[in-house]
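Numbering (UniProt numbering), first residue to last: 1 to 173.
Here a beta-carbon is modelled for each residue, glycine too, at the ideal position from N, C-alpha and C.
One structure below.
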């Protein structure tokens, strides 16, 4: 057994490969040592498979406060808000999550620790700093960019510009 405070350092794929090697005829101690997986973990899985029992990999620790469907709804809400140009701060997400939780448990409360773990469970969400963009800049599409480059190309041909006469006039430089 691992010392207290140490988590396992192997993936489910590593464990599955080690189990298949043991079932294939290799010694459990050699496989466990080579894969750096505890011997008991490998052999427990081998015994379950040989007994024909279904192996269900479960998430460690207590169950999340919000159900998976509620968290998926919250992720959809965040994505919808961001796609409409509204930023969703940590505070706004916690308020919305607490509103959802209050329907399930009137005395429940979610804190910053829940928010941090929520972001870990949903890596598609990231913390971003909102930047104010005018509606004119935000509404540019592919056709507008193509029109800009076509008109610039025509102007370059019309005035016979060479490459040494083209400068970057970006507002950030």
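Query                                                                                                                                                                 : Result
Taking residue 101 as the reference, which of 71, 14 and 91 has the closest Cα?                                                                                       : 71
Start and end of the alpha helix (DSSP H) containing residue 29?                                                                                                      : 28-35
Can you tell me whether DSSP reads residue 59 as helix, strand or coil?                                                                                               : coil
Pull up the distance between the alpha-carbon of residue 15 and that of residue 125, whole angstroms please.                                                          : 29 Å
Please go through the UniProt domain "HTH CENPB-type" (58-128) and give each complete beta strand (DSSP E) segment of 3 or more residues, from N-terminal end onward. : none
If you follow the alpha helix (DSSP H) that residue 153 is part of, which residue opens it and which one closes it?                                                   : 142-159
Where residue 85 and residue 93 are concerned, what is the direct C-alpha to C-alpha distance, given to the nearest angstrom?                                         : 15 Å
Check this for me: beta carbons of residue 122 and residue 75, under 7 Å apart or not?                                                                                : yes
Let's test the definition: count the other Cβ atoms within 10 Å of the Cβ of residue 1 and tell me whether it reaches 16, buried, or not, exposed.                    : Confidence at residue 1 is low in this model, with a pLDDT of 48, below 50, so its placement is unreliable and the value that follows should be read with caution. Exposed, since its Cβ has fewer than 16 Cβ neighbours within 10 Å.
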